Each structure stands twice: as structure tokens, then as C-alpha cells.
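> Read in order, the letters of the sequence shown are residues 0 to 147 in numbering that gives the first Met the number 0. Idealized CB from N, CA, C, for every residue including glycine. All figures in this text were calculated on a predicted structure; none of them were measured in a lab.
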Amino acid sequence: MILPWWLQLLALAVALLGLMMSLVCFKHIRQLRSRLTDARNETYLLVKALRNETHAMGSGAIGVGQRLVEVEKRLNNTVERQMEIEQRDPGSLPYAYAVRLVEMGATTEDLINNCGLARVEAELITLVHSELKKQKEQPVREEHYTLN
């Protein structure tokens, strides 16, 4: 059975339309694959850059930690040496004892009698302590200036 010419023409038009739609879809799929590949490559580069930055930050933090440990060691060594010097220098003991006595309220005469200091030394320690005490007790004043 032979179909009429217009029906054959319609079938041919539908087939051509289907073929054109297939080609358009195929082209669109190729474009999407290309964009996906580009996005994948860009993501890979970003992840690589972030890994490098994270590694650099970790290395920096480790370096800071090591420097902190070195500073702590130096501080501990300094404190130990200071204590050794204080223990070796018998002349410094009366002064340290005198400062403690002044902090507890001792007078100049008490320092002379108990620590064996000269009057000038005892007065100096008492004066320095009283000035430091005054500075600690005074509230911080804010001064306001105005322009005329």
C-alpha cells in the first residue's frame, strides 16, 4: 500500500525535524561536556592551590611554635641564671630582704637595724617603695583638651 504524496512528505518532514533536534541535542551535550571538563579542571586547580596554602599556613604555625619553645627555653635559662646570681651574691640578699620588709610596712629604722643597711640606702628603698605605691593607687586620669 502506497501512501499519498502529502503523507509521505509529512513523514519526511517529521524525520528531518527529528534529525535536526538530534543534532542540536548532540551539540548541546558536547558543549555541556566541555564546560564540565573546564569546571573540573578549575576545581582541581583551586583544590591544589588551597592545599598549598594550607600547607604553608601549617608550616608557618609550626615555625611560630618552635620559636615560642625557643623563647620559653631562653626565658627559663635567664630566670635560672638570675636565681643563681642572687644566691651567689650575698650583697644582694639584704636589699631583697629590705624590699620585702618595706612591702610589709617596715620603716627606715627597721631596715637599718634588721638588714645592716646604711641610712641612705634604707631611705632610698623606702622612698622608691612609697613612690611606686602612690603610682599604683592613683587612678588613671583622662585629660581632655579643647581647641580655642
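1) Could you give the C-beta distance for I124 and A95, rounded to a whole number, given that I count them as a contact under 8 Å?
2) Roughly how far, in whole angstroms, is the beta-carbon of A121 from the beta-carbon of T107, given that I think they are within contact range, below 8 Å?
3) What are the uninterrupted segments assigned as alpha helix (DSSP H) that are 4 or more residues long and contained completely in the segment 46 to 131, given in chain order?
4) Helix, strand or coil for I28, going by three-state DSSP, please let me know.
So, from the data block:
1) Not a contact, Cβ separation roughly 10 Å.
2) Between T107 and A121 the Cβ distance is about 5 Å, and since that is below 8 Å, they are a contact.
3) 91 to 102, 107 to 114, all fully within the segment 46 to 131.
4) If DSSP states are grouped into helix, strand and coil, I28 belongs with the helices.
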